[in-house]
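All remarks here apply to the structure that follows.
Number of protein chains: 2
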Amino acid sequence: MKDPLDTAYLETLLGYNARRAALTIIARFMERMAPFDLRPVDFSVLSLIRHNPGVTSRQLCNELNILPPNMVVFLKTFEKRQLIQRKPHPTDGRATGLSLTAEGETLMQAAEACAMQSDLSVVERLSAAEQKTLTRLLKKIYQTDSV
Amino acid sequence: MKDPLDTAYLETLLGYNARRAALTIIARFMERMAPFDLRPVDFSVLSLIRHNPGVTSRQLCNELNILPPNMVVFLKTFEKRQLIQRKPHPTDGRATGLSLTAEGETLMQAAEACAMQSDLSVVERLSAAEQKTLTRLLKKIYQTDSV
DNA sequence: TATTGTTATACTCTATAACTATA
DNA sequence: TATAGTTATAGAGTATAACAATA
Chain A
49 MKDPLDTAYL
59 ETLLGYNARR
69 AALTIIARFM
79 ERMAPFDLRP
89 VDFSVLSLIR
99 HNPGVTSRQL
109 CNELNILPPN
119 MVVFLKTFEK
129 RQLIQRKPHP
139 TDGRATGLSL
149 TAEGETLMQA
159 AEACAMQSDL
169 SVVERLSAAE
179 QKTLTRLLKK
189 IYQTDSV
Chain B
49 MKDPLDTAYL
59 ETLLGYNARR
69 AALTIIARFM
79 ERMAPFDLRP
89 VDFSVLSLIR
99 HNPGVTSRQL
109 CNELNILPPN
119 MVVFLKTFEK
129 RQLIQRKPHP
139 TDGRATGLSL
149 TAEGETLMQA
159 AEACAMQSDL
169 SVVERLSAAE
179 QKTLTRLLKK
189 IYQTDSV
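Below, the structure written as structure tokens:
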């Protein structure tokens with residue numbers, strides 16, 4: 049019973065490599081983000097709200113591929129934690145504009161700095177040029193896909 | 049209500065880009081693999097069995113980060129589909145050696161060819177050099193992590 | 001005592017149907 | 001009629017506890 053399995057074939061597959069790399073990056077992210085009690089999806093939602101004050105729930109859903117019923121739960125939790133506030137939308141009576149509270153702003157400022165550090169810790173063995181290249185190629189994958 | 053949200057910050061994060069790229073690749077993979085009725089995890093398990101005949105359930109779990117109780121369900125399904133067979137392990141009475149049936153071999157031969165085509169369709173806008181670089185950098189991410 | 005494989009079950013995440021209020 | 005937000009719920013995916021058989 050040889051324990052180091054032959055994974056040579058799987059390693060030729062882009063999907064296998066991309067998934068394992070993404071899992072590595074996300075695992076590191078979760079470790080570091082634990083003190084903030086933010087999962088990756090929480091971070092993404094709150095960061096989008098931070099950089100798009102007044103954004104609606106539906107816009108967040110479209111951008112992050114989250115279904116509206118699930119977003120409701122996230123936003124409810126953020127509101128209980130007093131990280132976000134809701135204001136009536138200026139022109140659309142159905143919608144609600146979301147923004148960070150002062151508390152949310154303080155948290156996300158620290159969390160975004162933490163996220164950057166997390167990234168750096170993962171790619172520290174890549175040269176600066178390799179890091180730029182990796183980001184560029186990853187973007188090329190998902191941006192050219194929707195064409 | 050501006051619909052194209054400002055995602056500039058998120059796009060600076062490696063995790064965000066890696067996750068989106070991985071989702072793109074996996075979505076394409078699932079589309080193409082649908083005729084074989086194989087999810088990514090099914091493909092990974094069957095491919096490992098194919099290239100490691102006699103492998104045990106526990107070894108597959110270790111390699112793919114799948115918990116034993118969940119693997120039981122997968123293997124049960126494969127057995128019902130007559131894709132794999134179980135033989136008593138030659139030296140360990142507790143364990144079972146797994147291998148593909150002729151039917152499984154036929155299926156996986158086609159599925160692996162399909163997987164390669166799926167990859168190619170995703171990276172077709174990358175030059176050959178870029179493709180090699182991307183794979184190399186992705187491996188560097190998850191292989192250097194465990195050091 | 002530790003490990004393989006297994007059952008049963010709990011928990012989390014994601015998806016669907018249907019409703020209300022407004023456009 | 002279509003859309004934003006919501007509720008309730010179903011389903012898929014993942015995790016924990018405990019067991020029998022073997023090492």
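Protein chains in written order, with our numbering: chain A, 49 to 195; chain B, 49 to 195. Think of the CB as a built atom: it goes at the ideal place given N, C-alpha and C, for glycine as much as any other residue.
Closer than 7 Å to chain B by CB, residue i
{"i": "A/Thr154", "result": "no"}
{"i": "A/Glu111", "result": "yes"}
{"i": "A/Lys187", "result": "yes"}
{"i": "A/Leu182", "result": "yes"}
Simplified DSSP state of residue i, which is helix, strand or coil
{"i": "B/Pro136", "result": "strand"}
{"i": "A/Val171", "result": "coil"}
{"i": "A/Leu148", "result": "strand"}
{"i": "A/Ser194", "result": "Note that A/Ser194 scores 49 on pLDDT, short of 50, meaning its location in the model is unreliable; the coordinates nonetheless yield the value given after this. The answer is coil: DSSP assigns A/Ser194 none of H, G, I, E or B."}
{"i": "A/Lys50", "result": "Only weak support exists for where A/Lys50 lies, its pLDDT of 49 falling under 50; the value from the coordinates is given anyway. Here A/Lys50 sits in coil by DSSP."}
{"i": "B/Gly63", "result": "helix"}
Short CB-CB distance (under 7 Å) between residue i and chain A
{"i": "B/Leu123", "result": "no"}
{"i": "B/Asn100", "result": "yes"}
{"i": "B/Gln107", "result": "yes"}
{"i": "B/Leu53", "result": "yes"}
{"i": "B/Ala163", "result": "yes"}
{"i": "B/Ser147", "result": "no"}
{"i": "B/Tyr190", "result": "yes"}
Given residue i as reference, the closest of the options once Cα atoms are compared
{"i": "A/Ser61", "options": "B/Asn118, B/Ser92, B/Leu108, B/Ile189", "result": "Note on residue identity: the sequence assigns Leu, not Ser, to residue 61 of chain A. Closest option to A/Leu61, Cα to Cα, is B/Ser92."}
{"i": "A/Pro88", "options": "A/Pro138, A/Asn100, A/Ile73", "result": "A/Ile73"}
{"i": "B/Ser105", "options": "B/Arg129, B/Arg80, B/Asp140, B/Phe77", "result": "B/Asp140"}
{"i": "B/Glu178", "options": "A/Met156, A/Leu174, A/Arg184", "result": "A/Arg184"}
{"i": "A/Gln130", "options": "A/Leu115, A/Ile114, A/Leu148", "result": "A/Leu148"}
{"i": "A/Gly152", "options": "A/Arg67, A/Gln133, A/Gln165", "result": "A/Gln133"}
{"i": "A/Lys188", "options": "B/Leu53, B/Met164, B/Glu59", "result": "B/Glu59"}
{"i": "B/Leu155", "options": "B/Arg98, B/Pro52, B/Leu174", "result": "B/Arg98"}
{"i": "A/Leu174", "options": "B/Gln191, B/Pro117, B/Val120, B/Thr144", "result": "B/Gln191"}
{"i": "A/Gln165", "options": "A/Ala66, A/Glu79, A/Asn65", "result": "A/Glu79"}
{"i": "A/Asn113", "options": "B/Ala150, B/Lys180, B/Arg67", "result": "B/Arg67"}
{"i": "B/Thr125", "options": "B/His137, B/Leu94, B/Lys135", "result": "B/Leu94"}
{"i": "A/Ala161", "options": "A/Pro117, A/Tyr57, A/Met119, A/Met81", "result": "A/Met81"}
{"i": "B/Ala143", "options": "B/Ala176, B/Asp90, B/Pro116", "result": "B/Pro116"}
{"i": "A/Asn118", "options": "A/Pro136, A/Asp90, A/Lys135", "result": "A/Asp90"}
{"i": "A/Ala150", "options": "A/Val171, A/Glu172, A/Pro136, A/Glu127", "result": "A/Glu127"}
Inter-residue CB distance, residue i and residue j (contact presumed, cutoff 8 Å)
{"i": "B/Leu146", "j": "B/Val103", "result": "5 Å"}
{"i": "B/Phe77", "j": "A/Gly63", "result": "5 Å"}
{"i": "A/Ala159", "j": "A/Leu86", "result": "6 Å"}
{"i": "B/Glu111", "j": "B/Leu96", "result": "6 Å"}
{"i": "A/Leu186", "j": "B/Ala69", "result": "4 Å"}
{"i": "A/Asp17", "j": "B/Asn100", "result": "Residue 17 of chain A falls outside the range modelled here, since chain A spans only 49 to 195, and no answer is possible."}
Check each residue of the stretch 125-145 of chain A: if its Cβ is closer than 8 Å to any Cβ of chain B, include it; give the result in chain order.
His137, Thr139, Asp140, Ala143
With 9 Å as the limit, tell me which residues of the stretch 57-80 of chain B have their beta carbon closer than that to any beta carbon of chain A; keep them in chain order.
Tyr57, Leu58, Glu59, Thr60, Leu61, Leu62, Gly63, Tyr64, Asn65, Ala66, Arg67, Arg68, Ala69, Ala70, Leu71, Thr72, Ile73, Ile74, Ala75, Arg76, Phe77
May I ask you to list, following chain order, the residues of the stretch 165-177 of chain A that have a beta carbon less than 7 Å from some beta carbon of chain B?
Asp167, Val170, Val171, Arg173, Leu174
Can you list, in chain order, the residues of the stretch 86-97 of chain A whose Cβ is nearer than 8 Å to any Cβ on chain B?
Pro88, Ser92, Ser95, Leu96
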